[in-house]
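The structure appears right after this line, and notes come after that.
Numbering (UniProt numbering), first residue to last: 1 to 488.
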């Protein structure tokens, strides 16, 4: 009974959240989100004034890397909105799985609608999304605030946020239940395809991958009521995949070349929590907590799910761009589903000198100057920006690692991946903010952070979990490797 109830809750939550988002997008409104003031003993909320610098006085410091013959020059941009539905929480299911409000700072979310501390592969795959093309990946980053001298006493400006606490509790309960349930486990197909799929083969491959996505989703539903899993779920699904993979082989293989047999990817299994299945891809590390902080409690009555450490008026980005880019020296391969990627260091000051902190802060029109440990003051007509480039050199096997970093690392300075690593599409998340210039000059905006980091800009970071379907991922990789500019 509990499992059935949980599934109905997800369905209702997805419909409500998606509907509210649609109304917000249709209305074209720009909403400033505010939070209540903090208690007098708060220990974070305003950055030191010395951490601000005029961008026009900074020297150009972004190296220009030329694309080489054989490189992948296309881009694929996903439209997932600007968090119009007010999806906030202080969780991080990648670095702090299972720890409620453990991040101590608030995250903006776009994409997957269910992301919370207990999110897992099954709950993420079942959820809805804000992405227009159906991408269920989750993208999240700490919010930026304007810190005023007086408390901001207004409430959250998004209508849909009024039910955030209830939805948050429901999503966590559902995810916690689904974490204990079995799920269908199959090997990725898109990541095994050649980088140079012939033009005439692409429609066939995309059509068959769509079938494979649908077949797996149907098998997941059967699993919930099946009495004989092998006969009702695994066997039929494996046979369906064999047929689809045979059609892909016929489309992709070229005369005169060694044919590739994709049939080895057909078998599926049932993965129990922490063991079993047909893949051995490091997803047991999904349960590893690398930030080690304790749980915090939600401030009663606050629709943004605040915990009371950071203060000020939340600034929703005026523009969010989620763009996947190629590799300047070679073609890219598809990301495996459920791949986790981190960039930046949320505890860069505590970990100083931090090897993971990244330069991300700049101003529009000055993207050749990027700062790490300073907030930019932009000239009139220019906006504050955060540009996060994610690691894109993969070990070829694991979707996660014990420190959530070793399985995928940043490219070398020349743009190449180190020997033995697989080049994947590089995600760049660009966030643009309309922050008044006088606020910048007075040092009154800052990034949410752990209390120990005191809102230092060097602690900026960004997180991504790939939950794209095989079909979408194929389109993404094919677009990039063919040198096109695609937007969905």
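We put the beta carbon where it would ideally sit given N, CA and C, even for glycine.
Buried versus exposed, by CB contacts within 10 Å (16 or more), residue i
i, result
"residue 119", "buried"
"residue 205", "buried"
"residue 353", "exposed"
"residue 70", "exposed"
"residue 33", "At residue 33, the pLDDT of 39 sits below 50, so the modelled position is not reliable and the matter cannot be decided from this model."
"residue 489", "Absent from the structure is residue 489, since the part of the chain shown begins at 1 and ends at 488."
"residue 280", "exposed"
"residue 426", "buried"
"residue 225", "exposed"
"residue 86", "buried"
"residue 485", "exposed"
"residue 436", "exposed"
"residue 447", "buried"
"residue 111", "buried"
"residue 166", "exposed"
"residue 244", "buried"
"residue 191", "buried"
"residue 199", "exposed"
"residue 317", "buried"
"residue 440", "buried"
Three-way DSSP call (helix, strand, coil) for residue i in this model
i, result
"residue 309", "coil"
"residue 216", "helix"
"residue 206", "helix"
"residue 136", "coil"
"residue 289", "coil"
"residue 142", "strand"
"residue 181", "coil"
"residue 488", "coil"
"residue 231", "helix"
"residue 282", "coil"
"residue 189", "coil"
"residue 319", "strand"
"residue 124", "helix"
"residue 471", "helix"
"residue 242", "helix"
"residue 200", "helix"
"residue 268", "strand"
"residue 304", "coil"
"residue 275", "strand"
Backbone CA spacing between residue i and residue j [nearest angstrom]
i, j, result
"residue 235", "residue 215", "12 Å"
"residue 479", "residue 308", "44 Å"
"residue 242", "residue 380", "60 Å"
"residue 197", "residue 251", "9 Å"
"residue 390", "residue 128", "24 Å"
"residue 73", "residue 177", "43 Å"
"residue 117", "residue 172", "7 Å"
"residue 124", "residue 469", "12 Å"
"residue 35", "residue 313", "Note that residue 35 scores 37 on pLDDT, short of 50, meaning its location in the model is unreliable; the coordinates nonetheless yield the value given after this. Rounded to the nearest angstrom, the two C-alpha atoms are 6 Å apart."
"residue 63", "residue 121", "37 Å"
"residue 194", "residue 201", "12 Å"
"residue 363", "residue 268", "48 Å"
"residue 286", "residue 174", "17 Å"
"residue 431", "residue 382", "13 Å"
"residue 221", "residue 240", "16 Å"
"residue 168", "residue 304", "10 Å"
"residue 392", "residue 419", "13 Å"
"residue 449", "residue 213", "38 Å"
"residue 142", "residue 403", "20 Å"
"residue 443", "residue 350", "23 Å"
"residue 335", "residue 488", "18 Å"
"residue 253", "residue 246", "11 Å"
Chain C within 8 Å of residue i, Cβ atoms only
i, result
"residue 296", "Given the protein chain composition of this structure (a single chain), no chain C is represented."
Quick one: complete alpha helix (DSSP H) runs, 4+ long, within the UniProt domain "DUF1996" (326-466)?
437-441
Is the segment 98-110 touching the segment 286-303, taking contact as three or more C-beta pairs under 8 Å?
yes
When you compare the segment 62-82 with the segment 122-136, are there three or more beta-carbon pairs, one atom per stretch, that lie closer than 8 Å?
yes
Fully enclosed by the segment 38-113, which beta strand (DSSP E) runs are 3 residues long or longer?
52-54, 75-78, 107-111
The segment 317-330 touching the segment 404-415, judged by at least three CB pairs closer than 8 Å:
yes
Check whether the segment 295-306 and the segment 45-65 touch, using three or more Cβ-Cβ pairs below 8 Å as the test.
no
Stretch pair the segment 269-284 + the segment 182-192: three plus CB contacts closer than 8 Å:
yes
The segment 458-475 in contact with the segment 331-347 per 3-pair CB rule at 8 Å
yes
Quick check: the segment 369-389 against the segment 53-66, are there 3 or more CB pairs under 8 Å?
yes
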